[in-house]
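**Q**
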Amino acid sequence: MFNDKVVLITGGTGSFGKKYLKTILGGYKPKKVIIFSRDELKQFEMQQNGEHPAVRYFIGDVRDGERLRQAMKGVDFVIHAAALKQVPAAEYNPTECIRTNIYGAENVIKAALECNVKKVIALSTDKAANPINLYGATKLASDKLFVAANNMAGGHQTIFSVVRYGNVVGSRGSVVPFFNKLIAEKADHLPVTDEKMTRFWISLQQGVDFVLKNFERMHGGEIFIPKIPSVRIVDLAKAMAPDLPIKLVGIRPGEKLHEVMCPADDSHLTLEFDDHYVIKPTIKFHHSDVDYSVNKLGELGKPVPFGFEYQSGSNPNFMNVEQVAAFNQFAEA
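Numbered according to numbering that gives the first Met the number 0, the sequence shown spans residues 0 to 332.
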């Protein structure tokens, strides 16, 4: 569906954007791919990895609505990946996080509607489910904006959905590059916040493939969540450096012991498909009556039990130390 289409990705110089660009150029023949980001150096570095006639680089910030409107003219599909994502940084700089993650989301929505974009998918995070930190709270607000945007479309063709998933192996700011740095510097231990801490685990390629697939699945208004394994952070440390001792350093500001992707409070809205979950909108759209149990690909979902929660600590799919090591090696290849 991306052949001869124009795709724009906000925050396109991040880990997701780089993998996405490689994937879409390798598997499709898009008319144009626009990398929209505020960092000229990262755009320059991406260009040095190889020029492609279909790729355009647009310097801009999602806080700037007018610049987004200029960038989205003639665009068919948008992936909104731009965000301030560092949990401690958001706690110390709350206003900046709000301006990018909430006001930026609003600007993306307005620009997409004005430019008559066909489909928009916003990237979310497990931290948006039952948030306890500001980053998660801003992403929850962003999710709500993108879902409700389907009610704002009016005569426009634009539809909006959200993709939510957990920690991405090797992405900027994740624990894997941090541990790798300590190992390379010959550290005498690896710091772990709590021995019981768990996280959902997904590779960049899996995340990109899931987003691309959901452009085909979406009705508009869904939150898509992949079924992925969990890891114990102590097992991750053992997999990466089996000979290094682990030092418990305590939970950081705004950090959870376990992450949630489908909250129990949303169980009455949650549908289970073969390889993913869908959280239906809490509101009814005035222009349509959608049966979310059947997606646009004809895949069938069924309601989960009342009170169901998809949480990293109770996830039935856990990777052991050997599996974590093999998965990380594959994900970083």
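All C-beta atoms, glycine included, are put in the ideal place defined by N, C-alpha and C.
1. List, from N- to C-terminal side, the alpha helix (DSSP H) runs of 4 residues or more that fit wholly inside the region 8 to 69.
2. Between V146 and G206, which are expected to be in contact by the criterion C-beta below 8 Å, what is the C-beta distance as a whole number of angstroms?
3. Smallest Cα separation from N179: which of R231, G312 and A240?
4. I need the straight-line Cα distance from P93 to Y102, nearest angstrom please.
5. Nearest to V230 by CA position, among I78, D63 and N314, is which residue?
6. Determine the DSSP secondary structure at F305, reduced to helix, strand or coil.
7. Candidates V277, V259 and V320: which alpha carbon is nearest H267's?
8. Have a look at K301 and N294 and give me their C-alpha separation to the nearest angstrom.
9. Tell me the DSSP bridge mates of H275?
10. Tell me the DSSP secondary structure of V319 in three-state form.
11. Return the Cβ separation of V61 and T9 in integer angstroms, given the expectation that the two are a contact with Cβ distance under 8 Å.
12. Would you grab the beta carbon distance between S160 and K138 for me? Rounded to a whole angstrom, and I think it's under 8 Å.
13. Does the region 196 to 211 come into contact with the region 39 to 46, if we say contact requires no fewer than three beta-carbon pairs (one atom in each stretch) closer than 8 Å?
14. Using a Cβ-Cβ cutoff of less than 8 Å, which residues in the same chain neighbour V259 once the five nearest sequence positions on both sides are dropped?
15. For the alpha helix (DSSP H) holding K246, just list the boundary residues, first then last.
16. Can you give me the start and stop residues for the alpha helix (DSSP H) that L112 sits inside?
17. With distance defined between alpha-carbon atoms, name the residue in A104, L133, I131 and N132 nearest to V119.
18. Mind reading off the beta-carbon distance from V77 to A111? Whole number of angstroms is fine, and I expect it under 8 Å.
19. Just reading off the beta strand (DSSP E) that M260 is part of, what are its end residues?
20. In terms of alpha-carbon separation, which member of G135, N2 and K117 lies closest to K255?
21. Give the secondary structure of I201 by DSSP, where H, G and I count as helix, E and B as strand, and everything else as coil.
22. Taking the Cβ atom as the reference point for each residue, do V320 and K226 lie within a distance shorter than 7 Å?
23. Within the continuous alpha helix (DSSP H) that includes P87, where are the two ends?
24. A324: which of L235, L211 and E271 sits nearest, CA to CA?
25. Could you spell out where the beta strand (DSSP E) holding V119 opens and where it closes?
26. Is R37 buried or exposed, if buried means 16 or more other CB atoms sit within 10 Å of its CB?
27. Identify which residue in K17, E90, F305 and E65 has its Cα closest to the Cα of G49.
28. Report the rounded CA-to-CA distance for V116 versus V303, giving the unit in angstroms.
29. Smallest Cα separation from T12: which of V5, K4 and K21?
**A** Let me lay it out:
1. Fully contained in the region 8 to 69 are the following alpha helix (DSSP H) runs of length 4 or more, in chain order: 14 to 26 and 39 to 47.
2. In fact, because the Cβ distance is near 20 Å, the residues do not count as touching under 8 Å.
3. When only C-alpha atoms are compared, the closest one is A240.
4. C-alpha separation (whole angstroms): 13 Å.
5. V230 has its Cα closest to that of N314, out of I78, D63 and N314.
6. In the three-state DSSP reduction, F305 falls in the coil class, being neither helix nor strand.
7. A check of alpha carbon separations from H267 across V277, V259 and V320 identifies V277 as the nearest.
8. If you take the alpha carbons of K301 and N294, they lie about 12 Å apart.
9. DSSP, once it has assigned bridges, lists P225 as partnering H275.
10. As written in the sequence, residue 319 is Asn, which differs from the Val given in the question. Residue state, collapsed to three classes: coil.
11. Contact holds; Cβ gap of about 6 Å.
12. About 15 Å separates the beta carbon of S160 from that of K138, a gap too long to meet the 8 Å contact definition.
13. No, the region 196 to 211 is not in contact with the region 39 to 46.
14. Excluding positions up to five away in sequence, the list reads D125, A128, N129, E308, Y309, Q310 and S311.
15. No alpha helix (DSSP H) contains K246, which is instead part of the beta strand (DSSP E) from I245 to L247.
16. Going by DSSP, L112 is part of the alpha helix (DSSP H) stretching over G103 to E113.
17. V119 has its Cα closest to that of A104, out of A104, L133, I131 and N132.
18. In this structure V77 is in contact with A111, their Cβ atoms being roughly 6 Å apart against a cut-off of 8 Å.
19. V259 to C261 is the span of the beta strand (DSSP E), which, as asked, contains M260.
20. When each option's Cα is compared against that of K255, the closest is G135.
21. For I201, the three-state secondary structure derived from DSSP is strand.
22. No, Cβ-Cβ distance for V320 and K226 is not below 7 Å.
23. That run of the alpha helix (DSSP H) goes V86 to Y91.
24. Minimum Cα distance to A324 is reached at L235.
25. Residues K118 to L122.
26. Its Cβ being crowded by 16 or more others within 10 Å, R37 is buried.
27. Of K17, E90, F305 and E65, the residue nearest in Cα terms is K17.
28. Answer to the nearest angstrom: the Cα atoms are 33 Å apart.
29. The candidate whose alpha carbon is nearest that of T12 is K21.
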